[in-house]
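Number 249 in the numbering used here belongs to position 248 of the sequence shown; there are no gaps in the numbering.
Below is one structure, written out as structure tokens, with a few remarks after it.
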Amino acid sequence: MNSTTSLHAVSPVPAGASALPRQPVAPGPLDGRAIGVMTLLCLTWSLQQISLKAIAAQASPMLMVVLRSGIALVLLAALMWHRGERAQAARWKPGAVVGALFALEYLLVAEALRFTGASHVVVFLYTAPIFAALGLHLRLPAERLGARQVGGIALAFAGIALAFLGSDAASAGTGARALLGDALALLAGVAWGATTVTIRCSSLASAPATETLLYQLLGAFCLLLPAAWLTGQWHFEPSALVWAHLGFQSLVVSFVSFLAWCWLLRRYLASRLGVFSFLTPLFGVVLGVGLLGEPLELPFVAGSVLVLAGIGLVALRR
């Protein structure tokens with residue numbers, strides 16, 4: 002499995018974000034600046050679910066995703082106009098599929114946050130590389146899995162089973178809601194992995210990162226807006242705290258971090274960046290416990306370690 006495949010799945014910016022125009026200067030190894038920016042990006046990405054969970058009582062997570070997607074969509078359209086970029090009509094079909102999958106991913110994330118902790122959502126969402134690897138193995142001869150990758154997938158699934166079956170929720174009736182939330186977060190990881198496969202196996206593989214992100218934001222806004230209304234997740238209290246979280250989600254997470262990620266990919270080796278991106282679920286667990294006071298169960302911790310170890314094996318070059 003190549004390095005760009007793993008990066009497509011582990012970064013929360015569009016799965017095609019490494020489809021960038023050719024640069025005259027070849028990417029180089031990481032330096033102190035790259036390490037600092039990458040660490041900050043991983044911290045930012047881990048705060049996505051923490052932020053949504055923190056204000057869930059004041060603003061519905063699904064509505065927050067709708068609003069942030071709409072704001073980021075306007076910013077991205079302005080950026081593309083400034084650069085003279087246009088979406089290609091020939092790519093609208095895979096673009097529609099990617100947009101629908103992105104909307105499904107965040108529909109599942111928003112629902113998961115209603116039932117389980119943000120730290121659980123971050124870890125299960127970041128199983129996406131496993132499902133992307135399986136899908137690409139079936140679709141692309143160049144992405145056939147080796148023995149190391151197969152072992153990594155088995156290890157990750159063992160970790161998922163341990164995190165589910167070994168938790169207190171599995172043995173207590175009152176924990177059924179938490180298990181449902183964990184399952185929804187895992188399905189969100191499946192949707193993210195499917196997005197990666199769709200992009201790699203379609204004309205979007207050669208599309209600019211901005212075009213891929215355009216389809217994803219458009220899909221999230223257009224599909225989740227009616228979904229939020231139909232499910233009654235329309236609650237929004239316009240307080241200073243809520244506006245601050247919305248600004249963070251829209252400007253920092255959905256737009257600025259995307260630009261920073263593309264900047265890194267133009268200048269540094271993608272395989273080295275991919276290693277650092279695994280900090281995101283680790284930050285998510287720490288912040289969920291530290292900022293939200295979420296309980297930390299030993300089976301979940303052990304399962305998470307196995308999942309991350311498995312993902313690391315899958316991401317390694319043959």
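Glycine included, C-beta positions come from ideal geometry on N, C-alpha and C.
Could you work out which residue in the options is closest to residue i when comparing CA atoms only?
i, options, result
"ARG38", "GLY118, PHE277 and SER203", "The question names Arg, yet the displayed sequence has Val at residue 38. Checked all of GLY118, PHE277 and SER203; the closest Cα to VAL38 is PHE277."
"GLY182", "ALA113, GLY100 and ALA57", "ALA113"
"LEU42", "GLY291, LEU274, GLY313 and VAL287", "LEU274"
"GLY85", "SER203, PRO209 and PHE165", "PRO209"
"GLU106", "PHE222, LEU188 and PRO296", "LEU188"
"VAL301", "ASP32, HIS138 and ILE161", "Going by the sequence as given, residue 301 is Phe instead of Val. Nearest option by C-alpha distance: ILE161."
"GLY311", "ALA104, GLY152 and LEU247", "GLY152"
"LYS54", "LEU205, ALA111, ILE72 and PHE103", "ALA111"
"LEU126", "LEU74, ALA184 and HIS246", "ALA184"
Given a cut-off of 7 angstroms, decide if residue j and residue i are closer than it, judged by their beta-carbon atoms.
i, j, result
"THR199", "VAL67", "no"
"MET63", "ALA229", "yes"
"GLY289", "LEU163", "no"
"SER47", "GLY285", "yes"
"ARG178", "PHE116", "yes"
"ALA60", "VAL243", "yes"
"ALA104", "ALA186", "no"
"SER255", "ALA90", "no"
"HIS246", "ILE56", "yes"
Could you give the residue range of the alpha helix (DSSP H) that holds residue i?
i, result
"HIS138", "129–140"
"SER251", "Counting along the chain, SER251 falls outside any alpha helix (DSSP H), and DSSP gives it neither H nor E."
"PHE222", "210–231"
"PHE103", "93–116"
"ARG149", "148–166"
"ARG34", "33–55"
"CYS202", "No alpha helix (DSSP H) holds CYS202; DSSP gives it neither H nor E."
"GLY291", "280–293"
Within 10 angstroms of the Cβ of residue i, are there 16 or more other Cβ atoms? Answer buried if so, exposed if not.
i, result
"ARG23", "Per-residue confidence for ARG23 stands at a pLDDT of 43, beneath the threshold of 50, marking its modelled position as unreliable; the derived number appears in the next sentence. With fewer than 16 other Cβ atoms within 10 Å, it is exposed."
"TRP262", "buried"
"SER207", "exposed"
"HIS83", "exposed"
"ALA173", "With a pLDDT of only 47 at ALA173, under 50, the local geometry of the prediction cannot be trusted, and no value is derived from it."
"ALA58", "exposed"
"ALA18", "Its pLDDT being 47, under 50, ALA18 is placed unreliably in this model, and the coordinates cannot settle the point."
"ALA119", "buried"
"ALA129", "buried"
"ALA316", "buried"
"HIS9", "Only weak support exists for where HIS9 lies, its pLDDT of 41 falling under 50; the value from the coordinates is given anyway. Label assigned to HIS9: buried."
"GLU295", "buried"
"LEU166", "exposed"
"ALA157", "buried"
At a threshold of 6 angstroms, does residue i count as lining the ligand SAM (C-beta to nearest heavy atom)?
i, result
"ALA159", "Of the ligands one can find in the structure shown there are none, so the ligand SAM has no counterpart to examine."
Worksheet item: Is it true that the region 194–201 meets the region 66–80, where meeting means three or more beta-carbon pairs spaced less than 8 angstroms apart?
Response: No: fewer than three Cβ pairs fall under 8 angstroms.
Discussion item. Taking contact to mean 3 or more Cβ pairs, one atom from each stretch, closer than 8 angstroms, check whether the region 279–287 and the region 142–149 are in contact.
Written reply: Judged by Cβ distances under 8 angstroms, the region 279–287 makes no contact with the region 142–149, as fewer than three pairs qualify.
Worksheet item: Can at least three beta-carbon pairs, one atom from the region 209–227 and one from the region 126–145, be found at a separation below 8 angstroms?
Response: Segments in contact, no.
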